[in-house]
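> Numbering (the working numbering), first residue to last: 27 to 432.
From the three backbone atoms N, C-alpha and C, an ideal C-beta is built for every residue, glycine too.
Here the structure is a predicted model, which is why all the values come from computation and not from measurement.
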Ligand SMILES: [Zn+2]
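What follows is the structure in structure tokens.
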């Protein structure tokens, strides 16, 4: 009688045993010891055909001989027949399969699943909105968390494309790159994303205090807080699909803060935007100070869409805060919107390479930084390209100064 077995790391082996000693009818396992190969018999039965569930460790010496061979056609590991002396199956084992319980998938769209996923991006989110001990939190809804996750993935994709020419926003490099940029580094601690009511306060006179129905990034508290109904469309109507743009804008404020860690303030994205100029293809100023004026201007051309800065609500998808008041506020808000526009154009268009005045000579079907004037029609001086190329240049310099972002 012959019994075939197939150790996982070897070819099938033929075990020649004395008739009546053992018949393998079930599965087996094997491991290699320094002195001998052992086979574990999960189920065996004797020559009388009695089945036993007794498992035993059987040394190869029991079988007298052990030699490599090829398993018969159709025989796979774990399903090895007992063969008679002619090599034909002696017994065809039949198994009554254990009934497989009805599979109940764990919903990947659950609030906790998203919170767990966001943790791998270096973000801490509380289902109740705020940490225990804090008051005036507001429990996340699933659709809000999905918008947060979408915004994070879009940013991570933009970073991954920029740094590694990899479009994924969800692979390990995207997650670690995002985390290394956005979370606190000294000591390392996650950035908190809080969901709060309009009554929420960080305390201590934080600049975010008093915020209503909007996002606010409090770098002093290592947090982004999303207040009340923070998602509105351009007509100031509640629209959950707009939440991602507000969220990415807030991450723009966070990115600006991270860009100034350990470097002169002038090298932050704010510093570069404050002193920089963006020129269109006919040397017109798109952003910055017009010659002879000290007033800094964010400009109305080259954004992903238009906004009427004379009539409320002064915002759109790609101009979340078109404040045109004091420069310190105006520049900070423009920085966050520049980041927002860069993220979306980076993930919906190719990287800005080549001559910006002779490539992409169109309004653009991409999102963010389109070649439009303040009325939303084609601007042949290509202000969207001007903003896009300029941001890419600044980010290259900023990333070079922060080589721990990886
Ligand atoms: Zn803002």
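Quick one: using the 10 Å Cβ neighbour count with 16 as the cut-off for buried, is residue 157 buried or exposed?
So residue 157 counts as exposed.
> Can you tell me the Cβ-Cβ gap for residue 289 and residue 342, rounded? I've got them flagged as a contact below 8 Å.
That pair is no contact at about 32 Å.
> With a threshold of 7 Å (Cβ to nearest heavy atom), would residue 292 be considered close to ligand 1?
Every heavy atom of ligand 1 is 7 Å or more from the Cβ of residue 292, so no.
> Does the separation of the CB atoms of residue 365 and residue 389 fall below 8 Å?
Cβ atoms of residue 365 and residue 389: not closer than 8 Å.
> How close, in whole Å, do the beta carbons of residue 147 and residue 201 come, if the pair is a contact with beta carbons under 8 Å?
The pair is a contact, with the Cβ atoms about 5 Å apart (cut-off 8 Å).
> Quick one: grab the DSSP three-state call for residue 180.
The answer is helix: DSSP assigns residue 180 an H, G or I state.
> Skipping 5 residues on each side, what residues in its chain have a beta carbon closer than 6 Å to that of residue 278?
These residues qualify, in order along the chain: 362, 365 and 366.
> Residue 384 bridges to which residues according to DSSP?
The partner list for residue 384 (beta bridge, DSSP) is empty, contrary to what the question assumes.
> Hey, how far is the Cα of residue 257 from the Cα of residue 225?
Taking the straight line from one Cα to the other gives about 17 Å.
> Just to confirm the assignment, what range does the alpha helix (DSSP H) spanning residue 223 have?
Taken as a continuous stretch (DSSP letters only), residue 223 belongs to no alpha helix (DSSP H), as it is neither H nor E.
> Quick check: the Cα distance between residue 412 and residue 155, rounded to an integer number of angstroms?
Cα to Cα, residue 412 sits roughly 39 Å from residue 155.
> Quick check on residue 210: does DSSP put it in helix, strand or coil?
Strand, per DSSP.
> For residue 426, collect the residues of the same chain with a Cβ closer than 6 Å to its Cβ; drop the 5 residues on either side in sequence, then sort them by chain order.
Nothing listed; no residue qualifies.
> Hey, quick one: how far does the alpha helix (DSSP H) through residue 139 stretch, first residue to last?
From DSSP, the alpha helix (DSSP H) with residue 139 extends over 137 to 145.
> Can you have a look at residue 317 and say buried or exposed, based on whether 16 or more other CB atoms are within 10 angstroms of its CB?
That one is exposed.
> Quick one: what does DSSP say residue 264 is sitting in, helix, strand or coil?
Residue 264 falls in the strand class under three-state DSSP.
> Nearest to residue 254 by CA position, among 248, 218 and 236, is which residue?
Comparing Cα positions, the closest option is 236.
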